[in-house]
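Here's what the structure looks like:
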C-alpha cells in the first residue's frame with residue numbers, strides 16, 4: 002500500500018486511488034482549508050486557500066520538498082508524497098488569503114443566513130487574523146435577487162470560488178451562471194433574462210461556501226444553529242437521495258443533500274428539496290375520525306383502534322375475499338410488513354394492492370446540452386417514478402401474496418362490486434391519489450378505512466380516518482429504484498393527534514411494547530428472503546438488496562458509486 | 102555597436118515594404134524553402150542550436166519548447182502566435198507587424214513545419230488596427246502565391262493561418278489565457294500541468310510563440326546559427342542554468358527621452374547605452390531617476406544601476422524580475438515615484454483577471470493604498486503593508502496560477518526597496534499629487 006506522510010504522520014492509501022492533497026490529508030484527520038475545490042466539480046485551483054508544501058520521501062529516507070507552495074487541490078499524491086500543512090510558510094499564506102477574501106466581504110454575519118455554517122467564518126476563526134488592515138471603503142456590489150426563482154445572490158459576500166458556475170456547467174449542464182467583469186470587480190451573474198431556474202438550481206446554495214447564494218425559501222427563516230438535523234431519505238422520487246431534515250420545534254425548514262455514493266452522490270433536485278411544504282401544512286389530518294352514521298365525528302385513538310379492528314374482523318367474517326388493502330408506495334418496508342402481516346394473518350384471502358405509483362414523464366438525466374438533451378456520462382437523475390418505496394412495498398406484498406395487484410385492479414374490482422371493505426393507506430402528498438369519480442365509487446363499500454396525512458376524496462367518505470405521519474415523523478426503511486435500502490429517521494413529532502403510521506399499525510396489529518424499526522427490520526430479514534440484507538444494521542449509506550436481476554456484489558456497489 | 106546591421110527592422114520604412122513582391126525581392130521566403138527541404142526535426146535542431154529565447158517576456162528557450170510536444174502525435178498540433186502585446190511601454194511587435202509582416206508569416210510557416218502543425222492562429226491585440234489590416238493583407242497575398250494553404254510550394258506541407266483579434270485584455274497575453282480566449286472563453290489562465298505543449302488549444306498539443314520570436318526564426322533559418330550566435334551575451338560560466346542571450350532584440354525606449362522609439366540592437370546593451378546612444382539622452386536636460394527595463398511588471402533600475410546589461414539575465418542581477426519585453430521606460434528626476442508606482446498598480450488592478458484570490462484582491466488593495474498616499478493621507482506603516490501584500494501576492498515562483506500576480510507585486514517591492522526614502526518623505530510631508538494619471542490610457 003502506498004504511504005503518504007501528512008504533517009509527519011504516515012497514512013496508507015489504496016494502490017489505485019487517485020487522491021489530491023486535500024483528500025489524503027482528510028484521511029489523516031488533517032483539514033486543509035479550501036473554497037473552490039469540490040469533489041464533484043473540476044479543479045480550478047483559484048481560491049489559493051489550500052496552499053501547502055509538498056515533497057517526496059526518497060528511498061534513503063531524505064525528504065526533498067518542492068521549493069514553493071502548491072495548491073493541495075491540484076496536486077495529486079503518490080507513494081511517499083510528503084504534505085506539510087502546518088509550516089510557517091503555509092500558515093502565513095492561509096492568513097494572507099483569508100485577509101484578501103475578507104477585504105471586500107461585508108461583515109454582515111448577524112443578518113447572513115450562512116452564519117453558523119460558513120466556511121469564511123470557520124476558516125477566519127481557525128486560520129485568519131483578528132482584524133482587517135484595509136482602511137479604504139469596501140467595494141459595494143448590488144445584490145441580485147433576479148438570479149433565480151429559488152436563489153438569490155448577495156454579490157458582495159461572494160469569494161469568487163466559481164463552484165456555482167462550474168455546477169451549472171458540469172452537473173446541470175444548463176450553464177446559466179457566469180462570471181462578469183474583471184479583477185476585484187468580478188461578479189457572478191446570469192445572462193439578462195435567463196435566470197438560473199434549472200431543476201438542480203438549489204444545489205448552488207449548498208455548494209456556495211459563503212452566504213453569497215441563498216435560498217429564497219429559507220431566507221431569514223431560521224438561524225442555522227437553532228436547527229436540528231436528522232439523517233433521512235428524500236421521499237419525492239425513487240432516486241432516494243440521502244438527505245438531512247433540518248427542523249426546529251417540530252417545523253421542517255429545509256432539506257439538505259447528504260453525501261451518499263450509493264444513492265445520488267452529493268446533490269439533490271429542487272423538486273425534492275422544496276417538496277417538504279406539506280409536512281407543515283395546516284390541512285393535515287390531525288384527529289382520528291369515525292363515521293358510524295351521518296357525518297364523521299372526532300374520536301380518540303383508544304376508541305378508534307378497537308373499532309377498526311372489530312370492523313375488519315367483521316368484514317372478514319362476512320366475506321374475506323371482498324376485503325382489500327391498498328399499501329401505498331410511500332409506506333416504509335416495516336409499515337407495509339405490519340399491515341400486510343396483520344391482515345393476512347386474519348385471512349389469507351384478503352387481497353393486497355399496491356397503491357398509486359405516480360410516474361411523470363421519463364427519467365430526467367443531467368447534464369443537459371444546449372438543446373436540453375441529456376449528455377453522457379449522467380451525473381444526476383431525477384426519476385420519473387415519484388414515490389420513495391415501490392420496491393420495498395412490492396417485496397412485502399409479493400411475500401404475503403405471491404404477486405402484486407395494481408391500483409387499476411383495485412378500482413376495477415370496486416366497480417365490479419367485488420369489494421365490500423377496504424383499508425386504504427394514502428400516500429402521495431403532492432397530487433391527489435384518487436379522483437372524485439373514484440372517490441364516489443367508494444360510497445358503494447360497506448367499510449372504508451383511510452390512513453393518510455392529508456384530506457382526500459377517500460378520507461372525506463371514510464368510516465374510519467386514521468391520521469398518519471409524514472415521512473419526517475417516521476422510522477423505517479425505503480428501498481430506492483436500484484434496490485438500495487436506506488433508513489429514514491424520525492425528525493419531528495406528528496401534529497396534534499396524528500401518529501406515525503408505524504405506531505398506528507403496530508398497535509392495530511396488537512403487538513406488545515413499542516415500535517422499534519431496527520428490531521422489526523431484523524424480523525423482516527428473518528422471514529423474507531428478498532429482504533434478508535436488512536439484517537445488517539443499515540449503515541451510513543444503506544445496503545443493496547438482493548432484488549431480482551440485481552446481484553449485490555461489490556461491482557454493483559462500485560458502479561452505483563460512480564454513476565448515481 | 103556601429104557595425105551592427107539591423108535585421109528584423111532592416112526593411113521597415115522601405116517603400117512598399119509590406120508587400121509580398123518587395124519581400125521576395127529581398128530574398129523573402131528563401132528560409133521557408135530551405136525549411137521545406139529539411140526534415141521537421143532538423144529545423145527544430147537549428148532553432149535549438151541557435152539558443153533563441155522567447156521574446157515575449159519569460160525568455161524560455163524556443164527550440165526546447167518545441168521539443169516538449171509529444172512524439173509522433175497524430176495531430177492536430179497548433180501554433181498560437183502571441184501578438185497580444187499589451188505590457189505598458191512595449192511596441193516592438195507592433196512595429197514589425199506593421200512594417201514587415203512577411204518575415205513573421207515566414208517564421209510562422211517555418212515554425213509550423215518544425216512542429217508539424219497545420220494550423221496557426223495569430224492572436225492580435227484588438228487595438229492594433231493597422232497591424233490587423235497589414236497582416237491580413239499579407240496572409241491573403243501568401244494564400245494567392247501558394248505560400249500558405251494546401252501543398253505549399255509543391256510540397257506536402259499544408260498550413261492555414263487565421264488572424265484573430267482579441268477583445269482588449271492584458272491577460273490574453275498569458276499563453277493559457279490566450280488559448281482560453283481563442284477557444285471563445287473567458288481568458289482565465291489555466292492551471293498547469295498540463296502545459297500547452299501537451300494539452301493546449303482545443304485540448305491538443307499547442308505551441309505559443311511571440312511575434313518577435315518567430316521573426317527571429319525566419320532569420321535564423323535564412324542566415325544560420327552562427328550568425329545568430331555571433332550577437333549577444335554567452336552563458337554565464339558560473340551559472341550552469343543560464344542558456345545565454347543571443348541574437349538581435351528590439352528595444353522599445355519610451356518615457357522621458359529625446360528620441361523614443363523601437364531600436365534593434367544585439368542583446369546585452371546597457372540601459373545607459375540605450376538611453377544615451379539611441380534615445381538621445383533624457384529630455385529637457387534632466388537626469389534619470391529610474392528605468393523600467395522591460396515593461397512595468399519587471400520592476401525598476403535606479404540611476405546607479407544604468408550599466409546593467411539588458412540581456413535575459415542582466416536585470417535579474419539588479420533585483421528586477423527579468424528582461425521582460427525589453428520595453429525601456431525612462432523616468433526623469435522630476436517625476437514622483439509614488440505617482441509612477443500608483444500608475445503601475447492601477448494598471449495591474451484593472452487588468453487582474455479576478456481568478457486567484459491574492460491577485461484579484463491584492464492588486465486592488467495596493468492601488469487603494471497608493472491612492473490614499475497620493476491624496477496626502479499616507480502613513481509610514483503603509484510602506485510595510487505594501488511590502489507585505491506584495492510579498493504574499495507574488496512569492497517567486499508564484500502563489501497564483503499565472504505570472505500576473507508576480508508582475509503586479511514586483512514593481513511595488515522594487516520601488517519601495519530602491520526608493521524608500523522618497524516614499525517616506527512623501528508620506529512624512531503629507532505631500533499630494535496634483536498630476537492626474539492617464540486613467541483611460543489602457
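Chains as they are written, first to last, in this note's numbering: chain Z, 2 to 565; chain V, 102 to 543. All C-beta atoms in this analysis are idealised placements derived from N, C-alpha and C, irrespective of residue type, glycine included. Please read all numbers here as calculations on a predicted model, not as lab measurements.
C-alpha distance - residue i paired with residue j, whole-angstrom precision
i	j	result
residue 410 (chain Z)	residue 420 (chain Z)	11 Å
residue 142 (chain V)	residue 325 (chain V)	16 Å
residue 433 (chain Z)	residue 292 (chain V)	53 Å
residue 105 (chain V)	residue 331 (chain V)	11 Å
residue 214 (chain V)	residue 266 (chain Z)	48 Å
residue 504 (chain Z)	residue 87 (chain Z)	53 Å
residue 278 (chain Z)	residue 258 (chain Z)	17 Å
residue 448 (chain Z)	residue 164 (chain Z)	57 Å
residue 375 (chain V)	residue 354 (chain V)	8 Å
residue 556 (chain Z)	residue 263 (chain Z)	Note on residue 556 (chain Z): pLDDT 37, under 50, position unreliable in the model; the coordinate value appears next. Straight-line Cα distance between these residues: approximately 12 Å.
residue 382 (chain V)	residue 346 (chain V)	26 Å
residue 133 (chain V)	residue 211 (chain V)	6 Å
residue 134 (chain Z)	residue 484 (chain V)	13 Å
residue 358 (chain Z)	residue 6 (chain Z)	53 Å
residue 487 (chain V)	residue 90 (chain Z)	19 Å
residue 323 (chain V)	residue 131 (chain V)	7 Å
residue 468 (chain Z)	residue 296 (chain Z)	17 Å
Under 7 Å from the C-beta of residue i: neighbouring residues of chain Z
i	result
residue 469 (chain V)	137
residue 466 (chain V)	104, 135
residue 287 (chain V)	180
Per-residue DSSP class, three states only, for residue i
i	result
residue 154 (chain V)	strand
residue 189 (chain V)	coil
residue 314 (chain V)	helix
residue 13 (chain Z)	strand
residue 545 (chain Z)	strand
residue 149 (chain V)	helix
residue 125 (chain Z)	helix
residue 21 (chain Z)	strand
residue 242 (chain Z)	coil
residue 49 (chain Z)	coil
residue 56 (chain Z)	strand
residue 582 (chain V)	Look at the range of chain V in this structure, 102 to 543, and you will see that residue 582 (chain V) is not part of it.
residue 35 (chain Z)	coil
residue 406 (chain Z)	strand
residue 492 (chain V)	helix
residue 376 (chain Z)	coil
residue 66 (chain Z)	strand
Under 9 Å by beta carbon: chain Z residues contacting residue i
i	result
residue 459 (chain V)	49, 94, 97, 98, 101
residue 292 (chain V)	44, 45, 46, 47, 72, 75
residue 493 (chain V)	93, 94, 96, 97, 98, 100, 101
Chain V contact residues for residue i, given Cβ-Cβ distances below 8 Å
i	result
residue 332 (chain Z)	Within 8 Å Cβ-Cβ: nothing; residue 332 (chain Z) doesn't reach chain V, min ~50 Å.
Closer than 8 Å at the beta carbon, the chain C residues around residue i
i	result
residue 269 (chain Z)	Judged by its chain identifiers, the structure shown contains no chain C, and its protein chains are Z and V.
Per-residue contacts from residue i into chain Z (C-beta, under 8 Å)
i	result
residue 501 (chain V)	49
residue 473 (chain V)	136, 137
residue 486 (chain V)	134
residue 450 (chain V)	184, 185
Cross-chain neighbours of residue i in chain V, by beta carbon under 7 Å
i	result
residue 161 (chain Z)	455, 461
Per DSSP, the bridge partner or partners of residue i
i	result
residue 443 (chain Z)	In DSSP, residue 443 (chain Z) forms no bridge with anything.
residue 326 (chain Z)	Z:353, Z:424
residue 180 (chain V)	V:221, V:308
residue 1 (chain Z)	Any property of residue 1 (chain Z) remains undetermined from this structure, which presents chain Z solely from 2 to 565.
residue 381 (chain Z)	Z:367
Query raised in the report: Which residues, taken in chain order from the region 23 to 51 of chain Z, show a beta carbon closer than 8 Å to some beta carbon of chain V?
Result: 44, 45, 46, 47, 48, 49, 50
Query - Residues within the region 57 to 91 of chain Z neighbouring chain V, beta-carbon criterion of under 9 Å - result: 68, 69, 70, 72, 75, 90
Query raised in the report: the region 175 to 188 of chain Z: which residues have C-beta closer than 7 Å to a C-beta of chain V, in chain order?
Result: 180, 183, 184, 185, 187
Query raised in the report: Which residues, taken in chain order from the region 123 to 150 of chain Z, show a beta carbon closer than 9 Å to some beta carbon of chain V?
Result: 134, 135, 136, 137, 138, 140
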